[in-house]
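**Student:** Here it is, the structure, as structure tokens.
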Amino acid sequence: ANVQPHSGSQANQEVYAAFLKPGDRILGMGLDAGGHLSHGAKVSFSGKLYDSFSYGLDPKTQLIDYDEVDRIAQIVQPKLIIAGASAYSRIIDWQKFRDIA
Numbered sequence: 001a002n003v004q005p006h007s008g009s010q011a012n013q014e015v016y017a018a019f020l021k022p023g024d025r026i027l028g029m030g031l032d033a034g035g036h037l038s039h040g041a042k043v044s045f046s047g048k049l050y051d052s053f054s055y056g057l058d059p060k061t062q063l064i065d066y067d068e069v070d071r072i073a074q075i076v077q078p079k080l081i082i083a084g085a086s087a088y089s090r091i092i093d094w095q096k097f098r099d100i101a
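Okay, structure coming up:
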């Protein structure tokens with residue numbers, strides 16, 4: 001059998017269920033910055049089951065504001081940082097996310 005989720009939301013939900021408990025804190029890109037509903041939006045399962053926080057873009061460069069990601073992560077201590085996006089066309093600096101985590 002070839003068992004695969006048919007959408008990214010389902011895949012995300014399985015990862016969250018495997019590593020998180022309801023009420024755990026997560027940090028993901030805000031919808032207005034190009035994030036996905038399943039990355040912590042309040043109307044999604046992720047925003048209802050978990051204590052979700054979001055980061056955004058630098059208003060001048062429209063790039064991920066890694067300083068903001070780091071600041072929020074230091075304050076809220078999320079169990080999971082979601083570094084992907086749904087509608088963000090720029091290159092993501094994965095090393096910066098690793099350093100923040």
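Residues in the sequence shown are numbered consecutively from 1, following UniProt numbering. No residue lacks a Cβ here, since even glycine has one placed at the ideal position from N, Cα and C.
(1) Within 10 angstroms of its Cβ, does residue 78 collect 16 or more other Cβ (buried), or is it exposed?
(2) With a threshold of 6 Å on Cβ separation, who are the neighbours of residue 69 within its own chain once the five nearest residues in sequence on each side are excluded?
(3) Work out the CA separation of residue 13 and residue 87 for me, nearest whole Å.
(4) Identify the residues that DSSP records as bridge partners of residue 55: which are they?
(5) With 16 other CB atoms within 10 Å as the buried threshold, where does residue 44 fall?
(6) By the three-class DSSP mapping on this structure, what secondary structure does residue 80 have?
**Tutor:** Concretely, from the data shown:
(1) Residue 78 comes out buried.
(2) Once the five neighbours on either side are set aside, the close Cβ partners of residue 69 are 55 and 100.
(3) Taking the straight line from one Cα to the other gives about 19 Å.
(4) Beta-bridge pairing links residue 55 to 29.
(5) With 16 or more Cβ atoms within 10 Å of its Cβ, residue 44 is classed as buried.
(6) In this structure, residue 80 counts as strand in the three-state DSSP scheme.
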